[in-house]
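S.K.: Residues in the sequence shown are numbered from 8 upward in steps of one, following our numbering. Glycine residues also receive a C-beta, built at the ideal position from the N, C-alpha and C atoms.
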Amino acid sequence: MDVYEFLKEKLEVFDALYDVIIIIDPIEKKSVIIENNCKVKMNENCNWILKREEFCDKSISMNAYLNNDTFVKIEYIEGKMLLINASPITFKEKIYIIEAIKDITTNSTFVVNNEIKGNNVENLVSEMNEKIVKDYLTGIYNRRYIDERLPIDVKNSIIEGDAISVIMADIDYFKNVNDTYGHLIGDEVLIDFARLITRSIREDIDWVGRYGGEEFLIVLKGIDSDGAYEVAEKIRQLVDETTFSYDNVDIHITSSFGVHGYKNEKLNLEELISQADKKLYVAKASGRNKTIVYI
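#1: Take every Cβ of the region 157-172, pair it with every Cβ of the region 221-236, and state whether three or more of those distances are shorter than 8 angstroms.
#2: Alpha carbons only, please: which of 217, 104, 151 and 180 is nearest the one belonging to residue 260?
#3: What is the DSSP secondary structure of residue 138, counted as helix, strand or coil?
#4: Tell me the rounded alpha-carbon separation between residue 56 and residue 94.
#5: Name the two residues that bound the continuous alpha helix (DSSP H) containing residue 158.
#6: Is the region 175-192 touching the region 137-144 in the sense that three or more CB pairs, one from each, lie closer than 8 angstroms?
#7: For residue 30, is the classification buried or exposed, using 16 other Cβ atoms within 10 angstroms of its Cβ as the cut-off for buried?
#8: Just to confirm the assignment, what range does the alpha helix (DSSP H) spanning residue 202 have?
#9: Where does residue 250 fall in DSSP's three states?
#10: Tell me the residue span of the beta strand (DSSP E) that contains residue 106.
#11: Determine which residues share a DSSP beta bridge with residue 264 and list them.
#12: For residue 12, which option in 41, 27 and 25 has the closest C-alpha, if you only look at C-alpha atoms?
#13: Give me the residue from 107, 145, 175 and 285 with the minimum Cα distance to residue 242.
#14: Report the CB separation of residue 298 from residue 240 in whole angstroms; it is logged as a contact under 8 angstroms.
#15: Considering Cα atoms alone, identify which of 79, 25, 35 and 288 is closest to residue 177.
#16: Nearest-angstrom Cα distance between residue 92 and residue 256?
#17: At the level of alpha carbons, what is the spacing between residue 282 and residue 27?
#18: Compute the Euclidean distance between the alpha carbons of residue 62 and residue 250, then round it to the nearest angstrom.
#19: To the nearest angstrom, how far is it from the Cα of residue 38 to the Cα of residue 86?
#20: How would you write the range of the beta strand (DSSP E) that residue 257 sits in, first residue to last?
#21: With DSSP as the reference, label residue 93 as helix, strand or coil.
#22: Flag this pair as yes or no: are the beta carbons of residue 215 and residue 205 separated by less than 8 angstroms?
#23: Hey, how far is the Cα of residue 67 from the Cα of residue 82?
#24: Nearest to residue 153 by CA position, among 232, 71 and 219, is which residue?
#25: On the premise that residue 104 lies in contact with residue 33, defined as a C-beta separation below 8 angstroms, what is that separation, rounded to the nearest angstrom?
#26: Among the candidates 270, 291, 72 and 296, whose CA atom is the shortest distance from the CA of residue 164?
#27: In whole angstroms, give me the CA-to-CA distance for residue 173 and residue 246.
#28: Please decide whether residue 266 counts as near chain C, where near means a Cβ-Cβ distance under 8 angstroms.
#29: Tell me which residues share the same chain as residue 71 and place their Cβ nearer than 7 angstroms to its Cβ, disregarding the 5 neighbours each side in the sequence.
#30: Does the Cβ-Cβ distance between residue 24 and residue 80 come in under 8 angstroms?
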């Protein structure tokens with residue numbers, strides 16, 4: 008990449024600060040990995056140094072690109088604590104990401120209890136990162152994760168020409184559950200509803216987040232509207248057929264779904280969510296316990 012020659016001298020100042028510098032083209036999915044101010048790898052997976060198989064689609068680099076801002080994260084990889092800094096730059100009217108990585112395992116400014124070693128440290132860092140993006144009650148992703156991850160998935164679907172679908176799901180008359188059985192049981196219903204959705208989608212491909220209250224957002228990658236309708240209908244029927252039991256109290260609930268998918272369309276993120284939410288509204292307004300995909 009020409010940007011390497013442009014930045015070569017400018018990056019010298021970072022030699023003493025970071026161990027590895029990666030120049031990333033997030034659109035072309037190309038990268039240059041630099042150690043000791045020398046180009047050591049080109050067109051490599053930008054997560055090469057982090058021992059991952061995927062490119063930078065889910066990394067802080069894509070967040071830096073999409074938000075045009077700097078992001079910082081700590082990773083624990085193969086016994087090493089890594090501080091990762093991702094910042095956008097512009098070269099020839101194109102945005103690149105500079106990802107700077109520093110091994111802080113033995114850095115005196117980052118203190119970890121000496122008794123916490125190996126997998127325990129990895130688990131600690133993982134837990135810290137998880138708490139940032141996980142809903143405290145249900146354990147699924149939270150609104151912050153939705154706001155950060157969905158733009159990345161939408162951008163990738165456009166670049167790769169793949170379909171993507173969003174499902175807005177809502178528990179019908181959930182207020183009645185809280186009013187009748189109390190908020191503790193209401194919380195249990197939310198937890199079990201989230202688990203049921205999670206078990207109904209593809210692990211490590213699709214994902215679900217709590218959008219707010221009793222409303223959930225499901226993202227299906229590589230699946231069009233018709234396929235997403237089938238997934239939503241499967242979940243709706245499963246909820247309808249399930250008896251939720253808590254302390255000798257049996258509860259029956261129903262749920263409503265709004266489905267919107269697209270492929271190779273000029274549709275922005277806000278419109279994608281808005282369309283799914285509009286269809287959810289139609290499902291609830293027309294009697295609830297329904298899945299709406301076309302209006």
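M.R.: Looking at the coordinates:
#1: yes
#2: 180
#3: helix
#4: Because the pLDDT of residue 56 is 48, which lies under 50, any placement of that residue in the model is unreliable, and the number read from its coordinates should be weighed accordingly. Using only the alpha carbons, I get a separation of about 17 angstroms.
#5: 150-167
#6: The answer is no - the region 175-192 does not touch the region 137-144, with fewer than three Cβ pairs under 8 angstroms.
#7: buried
#8: 190-207
#9: coil
#10: 101-110
#11: 176 and 298
#12: 41
#13: 175
#14: 5 angstroms
#15: 288
#16: 50 angstroms
#17: 43 angstroms
#18: Because residue 62 carries a pLDDT of 47, less than 50, the predicted location of this residue cannot be relied on, and the following value inherits that uncertainty. Between residue 62 and residue 250, the C-alpha separation is close to 42 angstroms.
#19: 25 angstroms
#20: 256-258
#21: DSSP places residue 93 in strand when its eight states are reduced to three.
#22: yes
#23: 11 angstroms
#24: 219
#25: Sure, about 6 angstroms apart at Cβ, within 8 angstroms.
#26: 270
#27: Between the alpha carbons of residue 173 and residue 246 lies a distance of about 19 angstroms.
#28: In summary, chain C is missing from the structure at hand, where a single protein chain is found.
#29: Leaving aside the five residues that flank residue 71 on each side, the residues in its chain whose CB is nearer than 7 angstroms to its CB run, in chain order, 77, 78, 93, 94, 95 and 104.
#30: no
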